[in-house]
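Structure (structure tokens):
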């Protein structure tokens, strides 16, 4: 056992021909070392965990970015979604299962809380709105929402609806504020009847969109807090016989792959989701090496992408 262990782990004291024999049998048997057994011996697993509430387009793009950043490192990537990912505090349950035995560090994507205690370094992407000293990476949601709303105003729209996202996320609160600031700057009123709560859930978005678009004084444009919500609004508009963009302009936020594939293609605000993941991974690697990252609270810029769902009002 000692000889095999030395050969597999590249330690000294084993003849080259013996190493070749051991590695040949390892390849033949398809052997891989147990993460749990390795962690019990060395207290290191060589694995970074990415914790998500759900595997949806935004988190999928984040995972791609993390994977790219880790490709040149010695770390493997574990994507984990607990069975109760939509419930508040899912991060605590996930971390208690993984930290110390399966992962050496973790990235939490859109967490519901950030004041979690764990034995491994943590970084949050698109963090919870509460106070925390946790390192974070996010995008300029306020600026992006302001751009989206101003784009609709510049097209000539004055009745602009907004379907909001999760109220516990800092980014969602900023998008709401950016929408309101753009209206105020243009001298337009903020009509409470044109603000709906979608919480990034398709069922809630549908209810809010149906209510908003069934009004006699319905909006001529809607800004949705993310692309998945915007795509759901497009479905509701089609069911009500509204043409997009002739009868209703729609703009989203994120620029997930589904946005450009929609018919018509969705206008949106692009946030660099893969870069978010890559920057979070680099920040986490620095923390795991005992270093202080160049920035512990990183905010990335967004960019307006106009496509086929926005046009001047009829």
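Residue numbers (my numbering): 28 to 341.
Using N, Cα and C, we set each Cβ at its ideal position, and we do this for glycine too.
Skipping 5 residues on each side, what residues in its chain have a beta carbon closer than 6 Å to that of residue 310? As a position in the chain shown, residue 310 is number 283, starting the count at 1. Once the five neighbours on either side are set aside, the close Cβ partners of residue 310 are 150, 162, 320.
C-alpha distance - residue 145 paired with residue 247, whole-angstrom precision: In the chain shown, the residue the question calls residue 145 occupies position 118. In the chain shown, the residue the question calls residue 247 occupies position 220. Approximately 48 Å, taken between the alpha carbons.
Euclidean distance between Cα positions of residue 166 and residue 244: Taking the first residue of the chain shown as position 1, residue 166 is located at position 139. Taking the first residue of the chain shown as position 1, residue 244 is located at position 217. Using only the alpha carbons, I get a separation of about 34 Å.
For residue 165, which residues does DSSP report across the bridge? In the chain shown, residue 165 corresponds to position 138, counting from 1. Partner(s): 326.
Just to confirm my understanding: we take residue 217, look at its own chain, exclude 5 residues before and 5 after, and list those with CB closer than 6 Å. What are they? Residue 217 sits at position 190 when you count from the first residue of the chain shown. Closer than 6 Å at Cβ, skipping near neighbours: 207, 210.
In whole angstroms, give me the CA-to-CA distance for residue 170 and residue 46. Within the chain shown, residue 170 is the residue found at index 143, counting from 1. Within the chain shown, residue 46 is the residue found at index 19, counting from 1. C-alpha separation (whole angstroms): 58 Å.
Just tell me which of 298, 252, 291, 213 has its CA closest to the CA of residue 229. In the chain shown, residue 229 corresponds to position 202, counting from 1. When each option's Cα is compared against that of residue 229, the closest is 252.
For residue 297, which of helix, strand or coil comes out of DSSP? Position 270 of the chain shown, counted from the first residue, corresponds to residue 297. Here residue 297 sits in strand by DSSP.
Identify the residues that DSSP records as bridge partners of residue 103: which are they? Your numbering for residue 103 matches position 76 in the chain shown. In the DSSP output, where bridge partners are listed per residue, residue 103 has 74.
Would residue 194 be called buried (16 or more neighbouring beta carbons within 10 Å of its own) or exposed? For this step, residue 194 is matched to residue 167 along the chain shown. The residue is exposed, with fewer than 16 neighbouring Cβ atoms inside 10 Å.
Cutting at 6 Å between CB atoms, please list the residues of its own chain near residue 136, excluding the five before and the five after it. Counting from 1 along the chain shown, the entry for residue 136 is found at position 109. Answer for residue 136: 79, 86, 89, 152, listed in chain order.
When the Cα of residue 270 is compared with those of 336, 72, 121, which residue comes out closest? Mapped onto the chain shown, residue 270 falls at position 243. Cα-wise, what sits closest to residue 270 is 336.
Should residue 28 be labelled buried (16 or more other beta-carbon atoms within 10 Å of its own) or exposed? Against the chain shown, residue 28 aligns to sequence position 1. Classification for residue 28: exposed.
Contact check, residue 184 vs residue 84, beta carbons under 8 Å: In the chain shown, residue 184 corresponds to position 157, counting from 1. In the chain shown, residue 84 corresponds to position 57, counting from 1. No, they are not a contact pair.
Alpha carbon to alpha carbon, what distance is there between residue 317 and residue 304? Against the chain shown, residue 304 aligns to sequence position 277. Against the chain shown, residue 317 aligns to sequence position 290. Their Cα atoms are separated by approximately 20 Å.
Tell me the rounded alpha-carbon separation between residue 96 and residue 239. Mapped onto the chain shown, residue 96 falls at position 69. Mapped onto the chain shown, residue 239 falls at position 212. Whole-angstrom Cα-Cα distance: 42 Å.
Skipping 5 residues on each side, what residues in its chain have a beta carbon closer than 7 Å to that of residue 141? Looking up residue 141 in the chain shown gives position 114. Excluding positions up to five away in sequence, the list reads 151, 154, 155, 157, 159, 161.
Report back the beta-carbon spacing between residue 338 and residue 182 to the nearest angstrom; my notes put them in contact at under 8 Å. Position 311 of the chain shown, counted from the first residue, corresponds to residue 338. Position 155 of the chain shown, counted from the first residue, corresponds to residue 182. Their Cβ separation, rounded to whole angstroms, is 7 Å, which keeps residue 338 and residue 182 in contact under 8 Å.
Spatially closest choice to residue 31 from 49, 233, 39, 42, by CA coordinates: As a working note, residue 31 is residue 4 in the chain shown. Measuring from the Cα of residue 31, the nearest candidate turns out to be 49.
Hey, could you find the ends of the beta strand (DSSP E) residue 150 is sitting in? Sequence index remark: in the chain shown, residue 150 carries index 123 (1-based). Note, residue 150: beta strand (DSSP E), 149-152.
Which residues does DSSP pair with residue 276 in a beta bridge? Counted from its first residue, the chain shown places residue 276 at position 249. BP columns for residue 276 point to 248.
Assigned secondary structure, residue 69 (DSSP; H/G/I helix, E/B strand, else coil): Your numbering for residue 69 matches position 42 in the chain shown. Only weak support is given to the placement of residue 69: the predicted model assigns it a pLDDT of 48, under 50, and the value that follows is read from those uncertain coordinates. Here residue 69 sits in helix by DSSP.
Please name the residue or residues paired with residue 82 in a DSSP beta bridge. Stepping through the chain shown from its first residue, residue 82 is reached at position 55. Beta-bridge pairing links residue 82 to no other residue.
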